[in-house]
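To start, the structure itself, in structure tokens.
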Amino acid sequence: MEEGDLRVNYEQELNNLRNAQKNAAVADLQKTRDTSLSNLTAEEAKIRPEYASQRSAANANNRVAARNFQEYLANTGRANSGIGAQYEMSRQNSLQSGLNAINAAEAQSVADIARRRSDIENAYNTGLASANAQVEANYIQNLLDQRQQQWEREFAQKQFDEQVRQYNQNRQDQLNRAFSSGGGSGTRSSGGSSGKTGTQKQGTSSQNVYDNLAKASNLAKDVLSNTVSGTNNQASIFDKAANIGNQVKEGVNNTTIYNAAQPGEKYVKFVNGQQQIWMKTNNGKDYRVG
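Numbering (my numbering), first residue to last: 202 to 491.
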């Protein structure tokens, strides 16, 4: 899986976590709200019966009081006096005052239920907004942390890649310097004087060396399969291998000697084990001088 896929998957996981946390917060808040509203509804259901009972009791008590007073007047011989009328007016006023107080208390209870219901809804909405804000803050922080870690990983990878590139470049430079400087030694001669000891190279191109190496590789395959020219003559195979090996050796030595020579100088060239003297020119058209 590529790095970009990992980042996308991780951000998707963070998004899934955010949604799960929001859903959990909503579920908890809804449970609390619904429980409170359910209790409030049960409490509200008791209000009207309770105050209706109080009104019934007030009316019943008023009637009992009226009957008792009428009996009192009758027993005292004042049933037809004006006292009865005055008492009736007072009793009705007292009853109405009591009923008004009961009605006011009932209205207050209903209003209190409505206020508490509103408080519950407000608490739910406030809690929901707070929970969402906290979840979003956590999501953003986690996302920032993930991107910071991603940046650090990418930066570390770039540093590692640069170190590998520098190592490979330095290694290639060392190989190039080693190849260009050569490692063989031979005899350099100039003019008609005798040769003097020094580093020498021949004009055989490196392509010839690689061709001989390729021949040796193919011959090695033939040795393994034992199918050279349709025969099983292993002695012939090994003779050819030895000959190619000598050609490779001569090619390497000749290249080393040739590269060390300057235009106008003589250099040694080995051909089939025989030493030849050649003159190096500026135009690459070297010629044999001995």
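Ideal Cβ placement from N, Cα and C applies to all residues, glycine included.
Asked	Found
Short Cβ contact (9 Å threshold) for Y325 with T233	yes
Identity of the residue in E212, G485, R219, N304 nearest P464 by Cα	G485
Cβ-based burial, A221 [other Cβ within 10 Å; buried from 16]	exposed
Same chain, Cβ closer than 7 Å to R292, neighbours up to 5 away in sequence not counted	N263, A266, A267
Simplified DSSP assignment, three categories, for Q435	Below a pLDDT of 50, predicted positions are generally treated as unreliable, and Q435, at 48, falls in that range; the measurement from the model is reported next regardless. Here Q435 sits in helix by DSSP.
Assigned secondary structure, Q475 (DSSP; H/G/I helix, E/B strand, else coil)	strand
Cβ pair R317, L241 closer than 9 Å	yes
Alpha-carbon to alpha-carbon, Q475 and V490	14 Å
Length of the line joining the Cα atoms of L215 and Q342	10 Å
Where the alpha helix (DSSP H) containing P507 begins and where it ends	Residue numbering for the chain in the displayed model covers 202 to 491; residue 507 lies beyond these limits and cannot be assessed.
Neighbourhood of E289 by C-beta distance below 8 Å, restricted to the same chain and skipping five residues each side	A267
Whole-angstrom distance between Q297 and S257, CA atom to CA atom	12 Å
Proximity below 9 Å, CB of Q255 to CB of I314	no
Residues of its chain near V336, where Cβ-Cβ distance is below 7 Å and the 5 sequence neighbours each way are ignored	R219, Q222, K223, A226
Exposed unless 16 or more other CB atoms sit within 10 angstroms - verdict on N294	exposed
Best match in T277, R249, E322 for proximity to A308 [C-alpha to C-alpha]	R249
Per-residue DSSP class, three states only, for V336	helix
Option in F471, T327, L344, I458 with minimal Cα separation from N210	L344
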